Structure formats: C-alpha cells, structure tokens
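Trainee:
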Amino acid sequence: MISVSPPQALRRLDRKEINARLEVCPSLPSLSSINKALQGLLFAEQRFSAQISEIIRRDPSLTSRLLRLVNSVYYGLTTPVNSIEEAVFYLGIRQIRQLTTVTPIIEDFQKLSGKCNFPWREFWQHCIGTAILTREIYSSVESTGDESDYVAGLVHDVGKIVMAYSCPDHFAEIQRQAEPGERELIELENHILGIDHAELGALYLERHHLPELMVKAARFHHQPDKAEGFAPIIASVQIADMLMRNAKIGCSGNFIEVTREECMSASGWNVLFPDRHEADQAIARASLHRSLERLPHVLEGLV
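The end of the sequence shown is residue 310 by the numbering used here, with every number in the run present.
(1) Mind listing, in chain order, the continuous alpha helix (DSSP H) runs of no fewer than 4 residues lying wholly within the region 108-157?
(2) Do three or more CB pairs link the region 233-244 to the region 176-193 at distances below 8 Å?
(3) Among Val310, Val278, Asn253, which one has its Cα closest to the Cα of Leu295?
(4) Rounded to whole angstroms, what is the Cα-Cα separation between Ile113 and Gln184?
(5) Taking 6 Å as the limit between beta carbons, can you name the residues of its chain near Ser120, skipping five residues before and five after?
(6) Glu219 lies in the alpha helix (DSSP H); which residues open and close that run?
(7) Assuming the contact rule is C-beta atoms closer than 8 Å, Leu207 and Val222 should be a hit. Round their C-beta distance to whole Å, please.
(8) Going by DSSP in three states, Ala57 sits in which element: helix, strand or coil?
(9) Taking Cβ to Cβ, would you say Thr137 is nearer than 8 Å to Val305?
(10) Give the DSSP-derived three-state secondary structure of Ala234 in the structure shown.
(11) Secondary structure at Val11, three-state DSSP: helix, strand or coil?
(12) Measure the C-alpha to C-alpha separation of Ile241 and Cys32 and round it to an integer number of angstroms.
(13) Looking only at its own chain, which residues have a Cβ that is under 7 Å from the Cβ of Leu210, when we skip the five neighbours before and after it?
(14) So what's Cys270 in DSSP terms, helix, strand or just coil?
(15) Buried or exposed: Asp156, going by 16 or more other Cβ atoms within 10 Å of its Cβ?
(16) So what does DSSP say about Glu30, is it helix, strand or coil?
(17) Verify whether the separation of the beta carbon atoms of Gly201 and Asp66 is less than 8 Å.
(18) Using the three-state DSSP reduction, which class does Val162 fall into: helix, strand or coil?
(19) With DSSP run on the structure shown, which of helix, strand or coil describes Ser68?
Spelled out as structure tokens, the structure:
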C-alpha cells in the first residue's frame, strides 16, 4: 500500500501539543448532570405523568424532540399528537428516559463540533443508533437500572468531535483521505495527527473527570476485551457500532465497509457469550435484526 504523507502544512502532534489543545476544549456539562430533576422523577417508584410533562415543558428542545418522535412514521399514529401529556402516554417511560439522556448530550456535541465540513446530522444518528443498539445487545445478557449502557454507546465516538474542535485542519485532512474507503480511520488518524479518536476521546473524558465507564467506552470500543471491569458493556458498544456501519445508518466518519460476517464474528460476541450455547447468540442476533429495521424511523424522529 502506498503511504500518503500529510500535507506539508500539517504535521503530527506530540502528546504535549495534544494535551495543550485539550486544555482549551470546552467541557460537556450534560455528561456530568443529565437533567437531574426529570431523571430523578423517571426513576422514582411513583411516577406521575403530569409532573413529567411539566418538567419536559420547561425544555423547548426536549419538547420539540418528544413531539417529533411521537409523530414519526415509526409510531404510525393516525392523528397528530400535539400535547406533551399525550406524547408521554404514547412513548412510555423507557423512551422518555432515553430522550432526556440524549437531548442535552447531542446539544453539547453540536456546540463542540465546530464548523468542520462534515455530515454532523448523520453522525448524531450514528451515535444515537449505537446507543439504542448497545442497550438492546447488553440487555440480552445483563439488566441495568440506569442509563449507563445507553450513555456508553452515545459517547463512544466523542474523540471525533473533540478532534474536529481542537485539530480542525487535521480532522479535515483525515476525512478527505478516509472517504474513498481504502484505509482504516484509526490508521489515518495516527499517521496524520499522531493520535486516534479512541485515545483522544478517552483523554478528553479523563481530563473532565467523567466516569470510568465513559472513558473506557471511548478508549476500547474497538478492543472491548481490554476494557477491564466493563468488558460486556463495551463489547455491546463494539457490536452496535459495527452493525450501524454495516446497515449504513447514519455516518461514523469511517468509510471502510463492514460486512455482516464481520459484525457477527466481532470479538465482542466472545466477551458477551463466553460459555453460552449458539442458540443464545442466535436469539440476540434475531432481535437485533428487528431493531435495525425500525431504527431509521426512530432516528428521524430524534435528530
């Protein structure tokens, strides 16, 4: 393979230079505090629709997403839903919880993404779709009472957003060379910038003292077996990410095609099902196939 060097004006950055750029990269407040009042109410044993609706009403962005989602093709309602109370009734608590998680995070991502010429809307769809599938996959082996698996899927590619903000010229050149789909994105990132999006995202999250799960989701979503203490969740992220790329739902910025066979033979399956019968994996895969079919309609309502 012919090695194409970065343009003369660009050079690889050393770790000191990368850290200096991370210093001025703004934080993501939503990752530290995700709508505490509403989340607390949604997890409470006694939930009152009127209270949930009242808190949602205070957030115009959340209200807009809520109504857009419930009126999307996915729900197939015959008459438009115009009230928050009705939307809460149709969507249910689980969907509202995911919506309150994703809305502030995506808004922060949008502020951080800068002005790089990149299909950001499709990228948000990739992030949210990965989060939805991560939950679907992880729930087949483990139950969780919080949104940790969903958030892990949502932030796995945060390094690409950080790269676009802190190293826009490098990011643009990486994407220019990546688009033909001939070289792996991580290889190009290390060659042109000197660090890949997985490590950059992890460094950024560490700098802002975010939970270890988020850090490892960023750092190890391509190598889940290395995510000590969180391997099953990160394995779910890996598989979800690959399935999104295979289905060509959204855009991850990695243009190398992923085959169905590669998705089904990903290392994450061995992490999730080390001692289980093939039938367990078959059930999980069948469920994922159904989720992938309806996912585009869900994402259209969210982004």
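The beta carbon of each residue, even a glycine, is placed where N, CA and C say it ideally should be.
Quick caveat: nothing in here was measured; it's all calculated off a predicted structure.
Mentor: On the basis of the data shown:
(1) If we require 4 residues or more, the alpha helix (DSSP H) runs fully inside the region 108-157 come out as 127-145.
(2) Taking one beta carbon from each stretch, the region 233-244 and the region 176-193 have fewer than 3 pairs nearer than 8 Å; the two do not touch.
(3) It is Asn253.
(4) Spanning the two alpha carbons is a distance of roughly 26 Å.
(5) If the five residues before and after Ser120 are omitted, its C-beta is found closer than 6 Å to the C-beta atoms of Trp127, Ile168, Ala171, all from its own chain and listed in chain order.
(6) 219-227 is the extent of the alpha helix (DSSP H) around Glu219.
(7) Not a contact, Cβ separation roughly 12 Å.
(8) When DSSP states are grouped into helix, strand and coil, Ala57 belongs to the helix group.
(9) One thing to note: Thr137 has its Cβ no nearer than 8 Å to the Cβ of Val305.
(10) Here DSSP, grouped into helix, strand and coil, assigns Ala234 to coil.
(11) Any reading at Val11 needs caution, since the residue's pLDDT is 48, under 50, leaving its predicted position unreliable; the model's value is listed next. Judged by DSSP in its simplified three-state form, Val11 adopts coil rather than helix or strand.
(12) In this model, Ile241 and Cys32 are separated by some 25 Å (Cα to Cα).
(13) Leu29.
(14) DSSP places Cys270 in helix when its eight states are reduced to three.
(15) Label assigned to Asp156: buried.
(16) The answer is helix: DSSP assigns Glu30 an H, G or I state.
(17) Taking the C-beta atoms as reference points, Asp66 is found no nearer than 8 Å to Gly201.
(18) Reduced to three states, the DSSP call for Val162 is helix.
(19) DSSP places Ser68 in the helix class (H, G or I) of the three-state scheme.
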